[in-house]
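The structure appears right after this line, and notes come after that.
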Amino acid sequence: MSVRWLMACSSRTVQVVISANVRSPNILSLATAAGYVTGMQIECVVNAGVDVASLQVAGIPDDALHLIINGRMGGVINGGTGLYTRTRLRLTNNGIMFGGGGQGGYGGGAWVQYHGSSGGASGGGGGDGAGFTASGAVTMLGAQPGGRGSDYQYQGAVFPGDTAPAASGGWGGSGGPIGQSGFSGSWGGVGGSASASETTPPGAGKPAGYYVDGNAYITWLATGARLGRVI
């Protein structure tokens, strides 16, 4: 999808209007193209219904930017950051800001031994956390379920009264919704007449991303909906 920029320049302020979904727009470059020079103010407006996958504010002087979010601005899948800044700015959030959902944890493994023969099963992978796509067109992806673990079944002969040992890997945890951590994977299991067995623990879900990294640099004029972590 193409991106259309609407820009207006007054004697003191350059306005940059983001009117279509876009990834990491460089606000300074866009404002400069519209006539911005040092000493002027920049007003960047994200229109309602528009998605911005992160935003670049690097290079803008302190106290020169007013960011107005009427749509959604957030991180990509698996814990992406919505806004990173080390520039002092004003922010009016009338929409939604979020960090990407955390990835789910891996499933636990399992191992069995039967009179000198052994085999194991691995856990499934964790599902992707929700957020904007990491590349290509900017679209929102929901949280994904974790993968199924593998299975192992002993195929040889067994002694009378024994049952063939088996091992199953645990399911990977589901990814987290936007602004939330992923879920832990599940334990694997063993069965049958194993002479020895072991299970390994599943992984914890990954944390959600930051809706803002650089909160100390922001003067909040309106907070709106903010999902995820902040630092």
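Residue numbers for the sequence shown follow UniProt numbering, so the first one is 1 and each next one is one higher. No residue lacks a Cβ here, since even glycine has one placed at the ideal position from N, Cα and C. Predicted model only: the values in this text are computed from it and were never measured.
Buried versus exposed call for residue i [16 or more other C-beta atoms within 10 Å across all chains shown]
| i | result |
| --- | --- |
| Val45 | buried |
| Trp171 | buried |
| Ala58 | exposed |
Best match in the options for proximity to residue i [C-alpha to C-alpha]
| i | options | result |
| --- | --- | --- |
| Ala64 | Leu28, Gln180 and Gly79 | Leu28 |
| Gln144 | Asp213, Gly74 and Ser181 | Ser181 |
| Gly203 | Ser54, Arg226, Gln103 and Gly192 | Gln103 |
| Leu67 | Ile231, Val230 and Ala222 | Ala222 |
| Gly146 | Ala48, Lys206 and Ala33 | Lys206 |
| Gly105 | Leu89, Gly127 and Asp62 | Gly127 |
| His115 | Asn215, Ser54 and Thr163 | Thr163 |
| Gly74 | Ile218, Ile178, Ala20 and Asp62 | Ile178 |
Pair within 8 Å by beta-carbon distance, residue i and residue j
| i | j | result |
| --- | --- | --- |
| Trp111 | Gly120 | yes |
| Val138 | Ser193 | no |
| Gly129 | Ile77 | yes |
| Thr81 | Tyr210 | yes |
| Gly99 | Gly79 | yes |
| Gly125 | Pro165 | no |
Rounded straight-line distance, which links the Cα of residue j to that of residue i
| i | j | result |
| --- | --- | --- |
| Ala208 | Ser184 | 13 Å |
| Ile60 | Leu83 | 14 Å |
| Pro37 | Gly176 | Per the sequence presented here, residue 37 reads as Val, with Pro not at that position. Straight-line Cα distance between these residues: approximately 42 Å. |
| Thr133 | Ile18 | 18 Å |
Contact set for residue i: own chain, Cβ-Cβ below 7 Å, skip 5 residues either direction
| i | result |
| --- | --- |
| Ser118 | Trp111 and Val112 |
| Gly188 | Gly107, Gly108, Gly109, Ala110, Ala121, Gly123, Gly149, Ala167, Ser168, Gly169, Gly170 and Thr199 |
Neighbourhood of residue i by C-beta, 6 Å cutoff - its chain only, sequence neighbours within 5 removed
| i | result |
| --- | --- |
| Ile231 | Tyr210 and Asp213 |
Sequence-distant residues of the same chain with beta carbon closer than 8 Å to residue i, five excluded per side
| i | result |
| --- | --- |
| Thr13 | Met40, Gln41, Ile42 and Glu43 |
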